Structure formats: structure tokens, C-alpha cells
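In full-length UniProt numbering, the protein residues as written are 1 to 1256.
So this is what it looks like as C-alpha cells:
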């Protein structure tokens, strides 16, 4: 055994023994080279990585030194093995000891210069560190990039280009140190790679404009200082010794305090580091992401008006200033939270202990608590503790509680809504506290609450605060309303529009000037998003208040109106709106006042300054000074401009400049409208951006190749977001992925494989919020790249079928069915057939539920019905799958698979009869006889149309109901009396015709007379009318016992369902009305399982005997709609499915008449909602010609329901209108849609385009 193997065997978990063993390894490495034995090298690398990952920093430093010496003496042997373990090395960049972090940076930089390795490979391997959850790892990775770039620039330029999007993303990182290092790294990249990188970043808008300007300022100042960055590039050939190689690498501390950090660069000198005690402040010491004159102090100087206030930057730092706490189990998580809450609720304890407890609550999340719980239960436990802490009189404890609340809101989002609901009154009252620390802490905490907990439950508290006597509370509450109006989803805002309008009006009329100014900003935002409501509010204001709103112009005189408009604005707002630069305060220079168009001024202003979203950047500091840091935004929100355009396209089109009022100088209008003031709607940011693109055209055809270097990184960022634990980031990642897939750029095979690997687990775990973007992405991917994704079918189809079979929500089920339809129509049918057969025959993967088995067989059935060509059936996959299917059927648990398995067999026979016959010869005799019997019995199972008989229905609902009741009364021999048939009457009806016939229970029933032992011989039963008569009589007896013998009635309905599905019952002419009436009455049963089974049985009978339902369609639809209001969700789901079958299988004219009557009546929202959904199915079953004839009857009621108060009804109305447009076209629907406002028309257009994209 070699010396290395002997030493490796001495490894121990004791740190002292490791230190001794490490010294022996160092001594031996200095005199001997490493062996080339791969086993020993792997063991050696595993040992040093294990030491690096330990908790003892001395052992970790020793491990780094061992690797360093090993590289020096045996780089050609050890470097490939270290390269495979780079991920573990990068993790140590986040070590708590700075010495370990610095050593790891030097080690990774040295690894880039070794044989069998390259700086390009090292940068590719460490790139994941830029998106690491630990901020120190992100910083360390950037330091490695800087070191490698300084010494290997000409080798790593392509890799650096691919990393630029991630570095730009780190410019808005929550941590200030990360932002600073990202800025210095980008400046070095600008220095080495030239200004083409700057132009590419600006063109792609990878960095917000204010931060980009800051970078430009620092870069220019660095150039003006006259220094340059060292560009000595050591190569492998230059490595004459370890000492010389080390001298070429920077030896300065890499994570120094912020006041001592900085970087300047110029092309004429070397990078210099300023001294700590320098009396002057050089340009590179601006560590903030904004210019120095705009930077606030974290704690203001004594005597200033904002003394003691807290900034958002302080909140962000405090988030991570917590004791280290590693969570390894859910029990440990709950124990730590419980202990902290006990300490916080005990006000007699020392306040410092309670401060530590609050930090502990944050540390459990930072330490990985979210991996063991979603915190929905834990937050309720913390409610009392947080409330006690916020109410504490000690300012430090109150501040820490506010920091904790803000942190939890940022990390948990809507999970915090119940706790925030209880904390809101206390936080609001704190905003007027005389202690600046407490007041500003509460204000910042509320800003985090509004930004991350977007719930309507906050609004009543804010509405109450707007009527407070304290101007501080009213002022800050108005700002919170502005955040909510800007950030929240339009659906939430529209539902609570009355509260928003009332509070905007109150803030505009407030006695406090600052509150009024915020009220005017609220009105501007409302006008951009909800023009109709803004116009209503504008008319409700006094003329004096109307004149103070931005955009108001009096029509009496153009010159005076412009001046009065400008003078009516506060000075701060006037500068922001009209002055382009501080150096030129007047925008009238060289022009007559009467010649100025205020709209043009706005356009020039918008063109010169592209203002980002007001709340997308940093939270505004509550003491009146802007904060230096930006609020955390998800990585997915900065992926690509195309993704943002896709999302923003759903917003309302802003008013056009043609709406502006312009008068001639000194003229007066003679129209009656001149008595009323006119208002100029402010242009939205989107329209300004559009104007910029028009006024400043570019040659888009000649796109620089630099702009394409970011695309691989964008895809990697999107996939990284899809792998996030945050639902919001997953959603945005899917949207960005959809944009990338839908773009003109072709995705290569390797990237397609990465996309498929990321989407496959999402299909299984997709939450309701992710389902829409996931299905859109899947459909786009399948339709465009199906030829390259044939190998994916083996995983895709089973997962989709499993989700479709187990899904409960009808809306989700419909989305999965759309994806399955896209898969079925896009991929090669033969490959799909073999993929499903492989899954069925696989003994490891096919351990699935009965529902999934049924779904797989149904998928096969639908697939083979649509196949034109005849695939080869005599294949091993198909043979084994058929055997497996009948193994399923033989299991008593899978008896429901008999019917669908027979259909699959028939489909195989009719697709390729010769191959199927050859395949039969390979089966055992019993299975062969079974298959032959199935084929002979179902010789009629060719794929044909539905052949629904659409006889014209009776006159109306009352007429049909009276006829059925009359039928029942005549059968019972009673006079016609009540329209409702009693259970006793039905019981008599079911038994009276057969009292004289002895029932042959024998072997088919047990001694109690129930159907539990009923065994059907399918072939004999179908040919024996007497046996059918006996069975249906018994079923009628059971079903007539309402609210009794639930289990027996369920078995009776199961038997009836079986003989209906298998087409074994032939006495429908005689018994259909009786069965129908019994099932209708069963819908009123007290047992929800009975009601659900009755609806399912009605659906199956409608499938099998659709033409018989035409006479009773009105009653069936009315009772099914009644069932849609049931308190049981399972019954409602069954009722919706039954209604969908009725809508597509019975007379469309009858369905349309009944459903429109429901929609026009006032019967409650649930019924109207389901009626619109069923009407959509009726419309989809019509041809374009049929729909054109009835548009006047169908379209107006749906347009009216689009204006309904309930959002669910509005949504279904949009789906119905889109279905009409897809059939008859937009030209035929335009007269009906003209009654809607522009916003609603725009929304319909978006959905129409989306549907066209899906079906193209």
C-alpha cells in the first residue's frame, strides 16, 4: 500500500487527530508526488472536502493548504478530481471565518491555472454561486471572477459575457455588500471588455436606469483618476514555481468593511487601494448604489429633523443579523419557535433576552426552516408573541419586532395575513409615536406588509386610519394606499374599489398638504389603471379640488391654463414634472407661453427621463429622505423585457394624445361644455416608452452579436427560478420560459433537455397558481419542439394522465386535458402508443391507482380512434401491455376497467386486424379465447360519430314537468294533484307492475334481499329480458327508499351504472321514465354520497341514451343546476360534470333556452355561473353557421353578465365570448362588444390571441 493510502486510513472525526494527520500529509506531499491511482485520488479529494465542510475552521484552513501544496507538486494529476468537487469548494466561500473565505478565493483562482484545467472551465463551474442563497457565497464568487478576469482576460471573455445578466441581477440584491461587490465587478468588466458591454446592458435594460447611471458615474470617475487595472496574465507555461504564481494573485483582504472597500480603474495605471486614514474621500468610496448627494444617513446626526429614524437599509441589514440556527427537523423547528414565543410573551424577562428571541424567529427561516414547514401553523403561534413585542414601551424591542414582522412578510407572503390582521391596529397607532425609532419602524413594517401581503383584509384597517385625528397616520396611510394601488393585482383592487375611491377622495380633501399631494399621486395612478373610476371620482370632487389635480386644463385660455396648472402644483412636484435638469429651471426659454403644448412637455419629459415603477425600487424612507437600497424583488421579475411585455400586455391601453385639449391663444370656446373644466389624462409609462421607440428609431435588423451572449444565461436564470421554493418565482420563471420558447430563437438539444428536466417535476407538484403558466409553457414546448422530444413521452404522458385522473377541480382538469390534447395531436401517434404500452408493462413504474389505470386506457382509446395509419401491433411492448391490462382486470379492485379495456382491444383489432391476429397466436389459450370473444361481441365498435338525436323538445319547463307528473299519477291510479311525487307514490310505482311476478333471487341476491351478492353473466343477461325485468324492479325498489338503506341504494346504482355502460340493458323504452324520475328525486336525498352517485348515473345514462333525454331536458337541467348550489363540493363537481354532458348530448335549442332563462333571471350567482359555463359548452358544440343564426339571442345576455359584480361570473362571461369569437370571428361579434369599455375589450382580445396561439 502506498503512503497516501496508509495516511488516509488514519482519518478520524476528532479535530486534533485531523490536525496531526494534516501535518503528516503536508510533510509527505512536499517530498513525494501524488499517485496516479484513481481510487486513492478520489479518496484523498473526498477527505479534504470533508475537512473543508467541517465546523472547525483550523481544520478547514489546513485542508486548503493541503490542496494548495497538492496542486503545486501534482497539478496534472489532482486537478481533474478537484474540478469535479468545485461545488463543495464554492460552498466554503460562505464560511463564517474570513480567513477561510480568502483562502478559498485564492485556491479557486489557482485552480484555473493548472494543467488539465482552464479558467473557462472554472468560471463555468462556479457560475452557480452567483445565484446562491448565501450572500457571502455570492460575494466570494464575484471575487474569484475578478481575480480570474484580471489575469486571464483574453481566455475568459465569452464566459464573462454569459455571467453579465446574473451580475446585473445582483445589482438589486437585498444585501448591500452584494450590491457593492457586484458594482465593482461590473466596473472591472467594463474596463477590460470595453464599452460594447455597456451598450448591451443598456439596450437589454438589465439594470434599472438609476443604478445604471450610478455605475456610469463611478466608471467615468475611475477613468478620470488616471489609474488602471493590472492585466498580467499568468499562464500554465509561466508557472515556474508556486511562489511566483502566488505573487501574481492579489493578496488583499477580500471582504473588508464597507468604509474601506472600493475600486477604481483606468487604462493608464494600476489598481490602487486607498488608505483607511485618508483625509479625503475619493470617488471609489461611494459604496452606495445611488450618488452621494442623494444618499441618506442610516442614523441622522444629532439635532436634525430626522434624528433617530430608521431606514429600509437598516431593516435589510437587520434581517440577517441573527444568531446562527440550523434546523434539521420539523420537531426542532417547532421547539425553537415555541421557546422563543414563551420568552416573548413573558414581559417580566429582561428585554435583551426578548431581543434574542425575536432574532431567533428570523434565524429559523434563514437556517432552513422553510424546508420543513410552510409556517401556516407556526405563524398563528407567534401572533400573541409579536403583538406583545410591538406593544412594548422599549424602543429597541419595538424596532426589533417590526423588523421581524417585515422579514416574515417578505418571506411568507399571504401566509401572514391572519397575524397581520391582528397586528395592523397596533402598527398603525405606532406611526404617530413621539419616539422616531418606533414610528419609522412601524411605518417601514407596514410598507412591507402592503407590498408582500396583498390581501383585502388589510383595507378596512387602512380605511379606518384615514379618518384618524393624527396627520402622521393619515399621511402614511395614503402612501400605503398608493403602494396597494400600484402593486396589487387588479382583481383585488376592483373588488374593493369603493374603499380605494373613498380614501383617495379623503386624501385629496385632507387638511395636511403632504397627504393631499399623495392623494393627487393616487389619483394619477388610478387614472392610468382604471380610467372609468377615475372619471367618476373626478366628477365627484369640488371644482377647487379638480383644479389641483395634475393634468387639469381650463378651456378658457390656453396660456393661462398652462401657467395655472403649473402654479397649482407643489414646488417639489413641479420640479419633478416639468424641469428636465436642475441647471435649466425654466422650460419656457426661447418660446412663447401660448405656443407650448402641455402634452408635448410631458412627452419630452418622459423621453428624457424613463421613470421606473414607483414602488418597484427602494421603499421610500419614511423620514422624508429617499432610501439607498431597493426593495427585494424576485429574480424572475428581471428575466427579460419580452417576459415583462407579455405580462404588461394585459393592462389597459392608456389614453392617446388626441384626447388633449388645445385652444388658440386668447380664444374662448362658445360650446356649452366650456362651463366645465376639462382634464388631461396623464400619459402612462408604457405609452411613454412606446413614444421613445418611435422618436428614436434604431436599426433592429443589425443586432450586435453581443446582445445574444446573454440568452444562455437568461434561460439558466429562468430554469433557476422554476426550481425555486417560492411559488411567485416559479410562476415568473415559467412565464419567462414561455417567452423564450415562443421566441424566434431556436433552442438547442442540450437546453431542451434542461427544460424538460425542470418541467417534469413541476407537472406533479404544480399548485393551482402555477397551473396556467405551466400549461401554457407545456403547450408551447410540445407544439414547437415535439420532434426533438420523443424520448420525453415515456415520462410526460403517464404524469399528465395521473394528474388528470386525480384532479378534483374542474378548471384544473380542463387545463390538463388541453395539454393532453396538444400532446396527442403533436407527437407521432405510433410513438405515443408504444410509450403508453411501455409504461403499462413496466413492473416498477405502473404501481398506480385505479383512476390512473383507467385514464391510461382512455388515453389509448382516444389515441387509436384518431390514428389514420395502421401501426404494427405485433410488438413486444404491445403484447406485454395487453397481458398486463387483463391482469389488472382480473383483480377484483379493478372491475371498473373491464369496459374500457374491451374498447382498447377493439381499437387495436380495427387498426391492424392482421397484426392483431398474429399477436393472438402468442398468448395463452385462455387469454386468446377471451380476446376473441371480446372482438366478436363488440364487432360494432368502429369509430363513428355520436349520432345524437336532437328531436325538438317540449314547449317549456312547466309543460314537461306536468307531463311527467301526469304520467306518474296515471301509473299509480291517483288523481292529478301535487306536482311533487311522494316517495310512497314512487315506491308503489316501482313495484305495482311486477307484484305478480315471483323474483328469482337464488344465487344473485343474499338472504337480506340486497344486491350485494348480485353477479351478472353479461352475455346471458343481455339476451334475457325477464332477468333484466327482475333486476330493474329490484333497483327501483331500492331507489324509492329515500333517506334509507344508503349502502343498498349505492349498490343498486352501481349495478345500474354497470349495465348502462356495458350496453346490457334493452328495456329502456319501458322503464326510462321511471328510472329518470327516481334519480331526479334521489338528488334531494340527505346523504351527499347518494346525491353524487345519482348525478354520475344520470351522466352515464345521458351518454348511453342521449336521445331519450330530449323530452326531459328542461327538468334535468333545472335539477342539475340546483345541485350546483349543494353544500358538498363533491356533489357540486359531479353536478358540473353531469351538466356538461347534458349540454353537449341533448338538444342544443332546449339547453340554450333553459340556460338563457337562468342567466337572465335573478336566481343567485352560483347558478348563473354554472349556466354560463354550460352555455359555453353548448356554443362550442355548434358550427359557425348555426351560431351566426342565434347570435342576437345569445350574445347580449353574456355581454350583460360581463359587467356583473362577481368576478367568477365575469370570468366565465369572457370565456363564453371568446368561444363565440373563435367560431364566428371578431367581425360578427364587434357590434355586441362595442357596448363594453376599452379595458374589457382589451382583455377579450388578449384571451382570443392566447387561444389562437394554442390552436395554431
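From the three backbone atoms N, C-alpha and C, an ideal C-beta is built for every residue, glycine too. Computed from a predicted model, the values in this text were never measured in an experiment.
1) So does the stretch 1132 to 1149 actually touch the stretch 1108 to 1123, counting three or more Cβ pairs closer than 8 Å?
2) Within a Cβ cutoff of 6 Å, which residues of the same chain sit near residue 1108, ignoring the five residues on either side of it in sequence?
3) Taking residue 203 as part of the alpha helix (DSSP H), name the residues at either end of that continuous run.
4) Just how far apart, CA to CA, sit residue 867 and residue 774?
5) Does DSSP put residue 892 in a helix, a strand or coil?
6) Would you check if the distance between the CB atom of residue 496 and the CB atom of residue 442 is smaller than 8 Å?
7) Please classify residue 1145 as buried or exposed, where buried requires at least 16 other C-beta atoms within 10 Å of its C-beta.
8) Is it right to say residue 224 is buried, meaning 16 or more other beta carbons lie within 10 angstroms of its own, or is it exposed?
9) Which of the three DSSP states, helix, strand or coil, is assigned to residue 310?
10) Could you check how far apart the C-beta atoms of residue 1064 and residue 1104 are, in whole angstroms? I think they sit under 8 Å.
11) Taking DSSP as the reference, what is the three-state secondary structure of residue 812?
12) With a threshold of 8 Å on Cβ separation, who are the neighbours of residue 494 within its own chain once the five nearest residues in sequence on each side are excluded?
13) Just to confirm the assignment, what range does the alpha helix (DSSP H) spanning residue 1160 have?
14) List in chain order: all unbroken alpha helix (DSSP H) runs of 4+ residues lying wholly within the stretch 715 to 789.
15) In the DSSP assignment, find the unbroken alpha helix (DSSP H) run with residue 156 in it and report its ends.
16) Is any beta-carbon of chain C found at less than 8 Å from that of residue 192?
17) Would you kindly work out how many angstroms separate the C-alpha atoms of residue 30 and residue 166, rounded to a whole number?
18) What are the boundary residues of the alpha helix (DSSP H) that includes residue 1232?
19) Taking C-beta to C-beta, are residue 822 and residue 783 nearer than 8 Å?
20) In its own chain, which residues sit with a C-beta less than 8 Å from the C-beta of residue 465, not counting the 5 before and 5 after it?
21) Evaluate residue 462 with the Cβ neighbour count: other Cβ atoms within 10 Å of its Cβ, from every protein chain shown; 16 or more gives buried, anything less gives exposed.
22) So, for residue 1160: in the same chain, excluding its five sequence neighbours on each side, which residues have a beta-carbon less than 6 Å away from its beta-carbon?
23) Just the Cα atoms here: how many angstroms apart are residue 49 and residue 1210?
24) Starting from residue 112 and walking both ways along the alpha helix (DSSP H), at which residues does that stretch end?
25) Would a C-beta distance cut-off of 8 Å place residue 885 and residue 872 closer than the cut-off?
26) Thinking just about the alpha-carbon of each residue, which of 98, 109, 77, 65 is nearest to the one in residue 86?
27) Determine the direct distance from the alpha carbon of residue 930 to that of residue 1025, and round the result to whole angstroms.
28) Please state the DSSP three-state secondary structure of residue 1093.
29) Which same chain residues end up closer than 7 Å to residue 1093 when comparing Cβ atoms and leaving out the 5 residues on each side of it in sequence?
30) What three-state label does DSSP hand residue 1042 in the structure shown?
31) The alpha helix (DSSP H) spanning residue 1139 covers which residue range?
32) So for residue 488, helix, strand or coil by DSSP?
33) Indicate whether residue 363 and residue 324 have their beta-carbon atoms separated by less than 8 Å.
34) Exposed or buried, residue 141, counting other C-beta atoms within 10 Å across all chains shown (16 or more means buried)?
35) Can you list, in chain order, the residues of its chain whose CB lies under 7 Å from that of residue 1010, leaving out five sequence neighbours each side?
The answer reads as follows:
1) yes
2) Closer than 6 Å at Cβ, skipping near neighbours: 1072.
3) 195 to 204
4) 28 Å
5) In this structure, residue 892 counts as helix in the three-state DSSP scheme.
6) Against a cut-off of 8 Å, the Cβ pair of residue 442 and residue 496 comes out as no contact.
7) buried
8) exposed
9) coil
10) That belief does not hold up - the Cβ atoms of residue 1064 and residue 1104 are roughly 11 Å apart, past 8 Å.
11) helix
12) Taken in chain order, the residues that qualify are 530, 1207.
13) 1148 to 1160
14) 727 to 742, 749 to 765, 768 to 785
15) Its alpha helix (DSSP H) spans residues 153 to 170.
16) You won't find chain C in this structure, because it holds only one protein chain.
17) 40 Å
18) 1226 to 1233
19) Going by C-beta atoms, residue 822 is nearer than 8 Å to residue 783.
20) 428, 473, 474, 477
21) buried
22) 1197
23) Distance between the alpha carbons of residue 49 and residue 1210: 60 Å.
24) Here residue 112 belongs to no alpha helix (DSSP H), and DSSP marks it neither H nor E.
25) no
26) 109
27) 25 Å
28) helix
29) Here the set comprises 1050, 1053.
30) coil
31) 1129 to 1145
32) coil
33) Judged by their CB atoms, residue 363 and residue 324 are nearer to each other than the 8 Å cut-off.
34) buried
35) Per-residue confidence for residue 1010 stands at a pLDDT of 40, beneath the threshold of 50, marking its modelled position as unreliable; the derived number appears in the next sentence. The residues are 1048, 1051.
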